[in-house]
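Per numbering that gives the first Met the number 0, the very first residue in the sequence shown carries number 0; after that it's consecutive.
Note that the Cβ used here is the ideal one computed from N, Cα and C, for glycine as well.
Everything numeric in this text was worked out from a predicted model, so none of it was measured.
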Amino acid sequence: MGIFERGIKLLLPKEGLPKLSKIPMEEVKRVVVFSNTNIGNTLFSTPIFRELKKNYPEKEIYALLNPANASIFQNNPHLTGIFLYPGTKGEFGKALHQLRNLGVDLIIIAHSNEPEATPLAVLSGAKYILQTPNKNNPFNRWHNNPPTTCFPCKHETLHQLESLKYLGIEHFSCHPEIFIEQCWRREGEKKLRSIWERRLIGLQIGASTPSKKWYPQRWVELGKALLKRYPEYLLILTGSMTDREEAREIARQIGGNRVVNVAGLLSLGGAVALLERLELLISPDTGPLHLAATVGTKTIGLFSPTSPTLNNPCWDRNIHLPIFHPRPCPKCSIKECQSPFCMGQIQVEEVLHATQLLLG
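Right under this line is the structure:
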């Protein structure tokens, strides 16, 4: 237990919060949903925004988002407003001040890291706090729901949506939402004018951690095979600015004039618009995979250190195909691992077969 966690617990009520089977929504005017980690998990939280507004249209619904990706969620029509918090201890006081000024009644911790998330919720003065699952959270006695378990056979979105049952919402859709702005499309078309109307297959080179990345040489082999099998398509190498040099080298080794490296070229909104234009995205378990699936693009997800059951799209399964090999390490440290040999279990032939199922 770190210094911050020990100190912050001294500020929380020792008795915790009462466990309730249902939150009295007649006492709730303002709801804040905490989802301030990565793009994928924030996407998985968007059904909560929708279902809250659908079932309680008179309530004010706010979201606490990560400033690194908030720009693509701030136009969500179900939200009254947003607050920005990167989840750091240095920004804790600022976020707390904003929430206290709001006068929040209910906080749903959809995806936010401890030891900041629950103390922030408690100290904000919120009457009620929910988080599902929370059994392994050392702060769960300050949640109004009893400890709930994370089931390995259940998608992350469905885990988050479980909190709605404490509000009397029993039926909901797990399909996430993103609302594409025309300016995002215009940016993509302007920067990629020569290819925008072509048939495109995307290869997402980067990932949120090295442990999720596929080997560069596999991308090269796959790229060459795709160009040969699908002569009418261009290959688009996607990723962040930090992936740009690696993507450039992969493009060079694939060769030819039908490979385009766009890693780091577009804003986040422009990247979403590009993902919408693709006919297929092949990607590790990282943000662009979930963005592409959300906007209706066919996807092939490459999984080993993470679970496709938890993270591959749980909607339109016929067009979102996972390729999965169990991780061989008995103790996997996803965030620290720098040598993802587990991802090396995924063979080019497997990806080509899945591509043929989706594109013919």
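Just how far apart, CA to CA, sit residue i and residue j?
i           : j           : result
residue 89  : residue 265 : 29 Å
residue 204 : residue 283 : 8 Å
residue 243 : residue 231 : 25 Å
residue 41  : residue 105 : 19 Å
residue 236 : residue 193 : 15 Å
residue 249 : residue 326 : 25 Å
residue 241 : residue 279 : 23 Å
residue 67  : residue 352 : 35 Å
residue 360 : residue 166 : Beyond the ends of the chain as shown, which are 0 and 359, falls residue 360; an answer cannot be given.
residue 29  : residue 21  : 17 Å
residue 173 : residue 293 : 11 Å
residue 363 : residue 134 : Look at the range of the chain in this structure, 0 to 359, and you will see that residue 363 is not part of it.
residue 71  : residue 233 : 26 Å
residue 87  : residue 348 : 42 Å
residue 2   : residue 8   : 10 Å
residue 298 : residue 124 : 42 Å
residue 143 : residue 132 : 12 Å
residue 343 : residue 216 : 10 Å
residue 95  : residue 115 : 10 Å
residue 153 : residue 161 : 11 Å
Could you check where the alpha helix (DSSP H) with residue i kicks off and where it finishes?
i           : result
residue 40  : 38-54
residue 31  : No alpha helix (DSSP H) contains residue 31, which is instead part of the beta strand (DSSP E) from 29-34.
residue 307 : 307-310
residue 349 : 347-358
residue 286 : 286-293
residue 3   : 2-8
residue 249 : 243-253
residue 274 : 267-276
residue 122 : 116-122
For residue i and residue j, which I take to be in contact (beta-carbon distance under 8 Å), what is that distance rounded to the nearest angstrom?
i           : j           : result
residue 290 : residue 177 : 7 Å
residue 54  : residue 128 : Actually they do not touch by this definition, with Cβ atoms about 19 Å apart.
residue 101 : residue 10  : 19 Å between Cβ atoms; not a contact.
residue 171 : residue 46  : 6 Å
residue 345 : residue 301 : 5 Å
residue 319 : residue 303 : Going by Cβ atoms, the distance from residue 319 to residue 303 rounds to 17 Å, so no, they are not a contact pair.
residue 75  : residue 43  : Incorrect: roughly 14 Å between the Cβ atoms, too far for contact.
residue 64  : residue 81  : 5 Å
residue 15  : residue 141 : 5 Å
residue 92  : residue 186 : 35 Å between Cβ atoms; not a contact.
residue 339 : residue 211 : 7 Å
residue 262 : residue 246 : 4 Å
residue 281 : residue 202 : 5 Å
Can you tell me where the beta strand (DSSP E) holding residue i begins and where it ends?
i           : result
residue 237 : 232-237
residue 260 : 258-260
residue 217 : Taken as a continuous stretch (DSSP letters only), residue 217 belongs to no beta strand (DSSP E), being part of the alpha helix (DSSP H) at 215-228.
residue 190 : Premise fails: residue 190 lies in the alpha helix (DSSP H), 181-190, not in any beta strand (DSSP E).
residue 302 : 297-302
residue 63  : 59-64
residue 320 : 319-323
residue 163 : That residue, residue 163, is in no beta strand (DSSP E); it is neither H nor E in DSSP.
residue 283 : 279-283
I'd like to confirm the pairing. Which residues does DSSP put opposite residue i in its beta bridges?
i           : result
residue 198 : 232
residue 80  : 61
residue 127 : 105
residue 142 : Paired residue(s): none; residue 142 is not in a bridge.
residue 203 : 237
residue 362 : No statement about residue 362 is possible, as the shown extent of the chain runs from 0 to 359 and does not include it.
residue 110 : 34
Using only the heavy atoms of the ligand PLP, determine whether one of them is closer than 6 Å to the beta carbon of residue i.
i           : result
residue 311 : Looking at this structure, you won't find the ligand PLP or any other ligand, since it has none at all.
Kindly confirm or deny that the region 255-270 and the region 218-236 touch, where touching means at least three C-beta pairs closer than 8 Å. The region 255-270, when compared against the region 218-236, does touch it at the 8 Å Cβ threshold.
Decide yes or no for the touch test of the region 26-42 against the region 105-120: beta carbon pairs closer than 8 Å, at least 3 of them. By the Cβ criterion, the region 26-42 is in contact with the region 105-120, since at least three pairs of Cβ atoms, one from each stretch, lie closer than 8 Å.
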